[in-house]
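J.: The structure under discussion is supplied below as structure tokens; questions concerning it will follow.
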């Protein structure tokens with residue numbers, strides 16, 4: 307049975323959150339991050355509008371996770387600026403939902419999926435909220451329970467939300483973690499490799515779900531991904547990160563031999579396999595095999 311994901315948009319005032327400033331969801335301008343004398347990346351500029359689904363791509367070790375951390379004020383820039391709805395990251399992160407790289411759950415963990423989602427609302431407190439007793443459930447508790455129910459329905463997890471999280475499949479766990487990240491109604495969602503370790507079918511299903519959340523909830527999403535192929539039809543934009551900058555635009559605009567060769571300053575071939583998959587191959591650099599994008603095309607060094 308299919309379930310509609312549209313819950314109906316509510317104004318920020320109706321949802322009980324501060325109104326979002328009228329500005330781009332994310333603006334990165336001439337940004338750079340350095341660790342001591344080593345510059346990880348520089349000259350990075352791109353913008354992300356509301357309701358847009360974008361993938362952040364690039365080779366392993368280029369600093370994709372570091373960029374997400376900079377957006378939520380966990381990593382300072384050495385140059386340039388970042389604005390989240392027109393605000394510096396330390397102020398704008400109130401509008402951000404952040405899901406770090408996927409963590410694994412012990413198979414013996416008995417915490418229910420619904421409790422994992424609830425932690426997105428009150429995870430700053432100690433422990434998991436105890437169920438209310440009889441008529442003494444407060445209005446705040448009722449609102450929290452309603453929000454958790456909405457989120458579980460939104461990600462299509464009703465069938466297994468009450469089961470222990472350790473018993474669930476990777477795709478089921480990822481849906482519940484996505485619901486957790488959405489708990490406080492963020493307007494910008496940062497997802498660090500949410501498709502890692504999932505099979506192709508689950509990667510496509512999660513990407514489709516994220517796209518529908520973008521459209522129905524008007525949330526901008528920036529997602530780190532290794533392989534663009536399973537998700538390409540759902541994306542509005544890709545950002546390809548390199549040490550000397552970033553290329554931003556549609557898949558057709560960015561993932562080309564000419565654009566990536568200019569970005570990485572080395573010959574890059576973008577090929578299309580007989581099944582339509584993009585294959586990206588880089589030339590050796592100083593005797594080391596060089597592959598762009600991890601799983602995007604050729605498997606390269608991690």
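In the numbering used here, the protein residues as written are 307 to 608. Note that the Cβ used here is the ideal one computed from N, Cα and C, for glycine as well. Keep in mind it's a predicted model, so treat the numbers as computed, not measured.
Looking at the unbroken alpha helix (DSSP H) that takes in residue 557, where does it start and where does it end?
T.: Start and end: 557 to 560.
J.: How big is the Cα-Cα spacing for residue 588 and residue 452?
T.: Rounded to the nearest angstrom, the two C-alpha atoms are 50 Å apart.
J.: Just mark residue 388 as buried or exposed, buried being the case when its beta carbon has 16 or more other beta carbons within 10 Å.
T.: Classification for residue 388: buried.
J.: Reducing DSSP to helix, strand and coil, say where residue 583 ends up.
T.: In the structure shown, residue 583 sits in coil (DSSP, three-state: anything other than H, G, I, E or B).
J.: Taking a contact to mean a Cβ-Cβ separation below 8 Å, would you say residue 526 touches residue 494 in this structure?
T.: In this structure, residue 494 lies closer than 8 Å to residue 526 by Cβ.
J.: What is the rounded straight-line gap between the Cα of residue 339 and the Cα of residue 414?
T.: So the two alpha carbons sit approximately 40 Å from each other.
J.: Can you say whether residue 571 is buried or exposed, counting buried as having 16 or more other CB atoms within 10 angstroms of its CB?
T.: Per the 10 Å Cβ criterion, exposed.
J.: Verify whether the separation of the beta carbon atoms of residue 468 and residue 392 is less than 8 Å.
T.: It is not a contact, given that the beta carbons lie outside the stated cut-off.
J.: Can you tell me which of 547, 574, 541 and 549 puts its alpha carbon nearest to the alpha carbon of residue 558?
T.: Ranking 547, 574, 541 and 549 by Cα distance to residue 558 puts 541 first.
J.: Between residue 374 and residue 502, which are expected to be in contact by the criterion C-beta below 8 Å, what is the C-beta distance as a whole number of angstroms?
T.: Not quite, the Cβ-Cβ distance comes to about 14 Å (not below 8 Å), so this is no contact.
J.: Report all residues from its chain with a CB closer than 8 Å to the CB of residue 378; omit the five preceding and five following residues, and keep chain order.
T.: If we look at residue 378 and ignore the five residues flanking it on each side, its Cβ neighbours are 395, 399, 402, 404 and 496.
J.: Would you mind stating whether residue 363 and residue 544 have Cβ atoms separated by less than 8 Å?
T.: It is a contact, given that the beta carbons lie within the stated cut-off.
J.: Beta-carbon within less than 8 Å of residue 358's beta-carbon, same chain only, minus the 5 sequence neighbours each way: which residues are those?
T.: So the list reads 331, 520, 526, 527, 542 and 543, once near-sequence residues are dropped.
J.: Residue 551 and residue 368: beta carbons closer than 8 Å?
T.: No, they are not a contact pair.
J.: Please list the terminal residues of the continuous beta strand (DSSP E) segment that includes residue 404.
T.: Where residue 404 is concerned, the enclosing beta strand (DSSP E) stretches over 402 to 405.
J.: Taking the alpha-carbon positions, what's the residue 573 to residue 486 distance?
T.: Approximately 42 Å, taken between the alpha carbons.
J.: Under DSSP, the alpha helix (DSSP H) around residue 428 begins and ends at which residues?
T.: It spans 419 to 428 - the alpha helix (DSSP H) in which residue 428 sits, taken as one unbroken run.
J.: Short check: CB of residue 356 to CB of residue 426, under 8 Å?
T.: Result no, Cβ atoms of residue 356 and residue 426 do not sit closer than 8 Å.
J.: For residue 329 and residue 390, I'd like the C-alpha separation in whole angstroms.
T.: Taking the straight line from one Cα to the other gives about 8 Å.
J.: Would you kindly check if the distance between the Cβ of residue 576 and the Cβ of residue 561 is under 8 Å?
T.: For residue 561 and residue 576, yes; Cβs fall inside 8 Å.
J.: Could you compute how far the alpha carbon of residue 423 sits from the alpha carbon of residue 382?
T.: For residue 423 and residue 382, the distance between alpha carbons rounds to 30 Å.
J.: Under a CB-based cut-off of 8 Å, is residue 464 close to chain D?
T.: Structure shown: chain D not included; a single protein chain is present.
J.: Report the rounded CA-to-CA distance for residue 459 versus residue 505, giving the unit in angstroms.
T.: Approximately 23 Å, taken between the alpha carbons.
J.: Using alpha carbons as the reference points, say which of 462, 567 and 482 lies closest to residue 470.
T.: When each option's Cα is compared against that of residue 470, the closest is 482.
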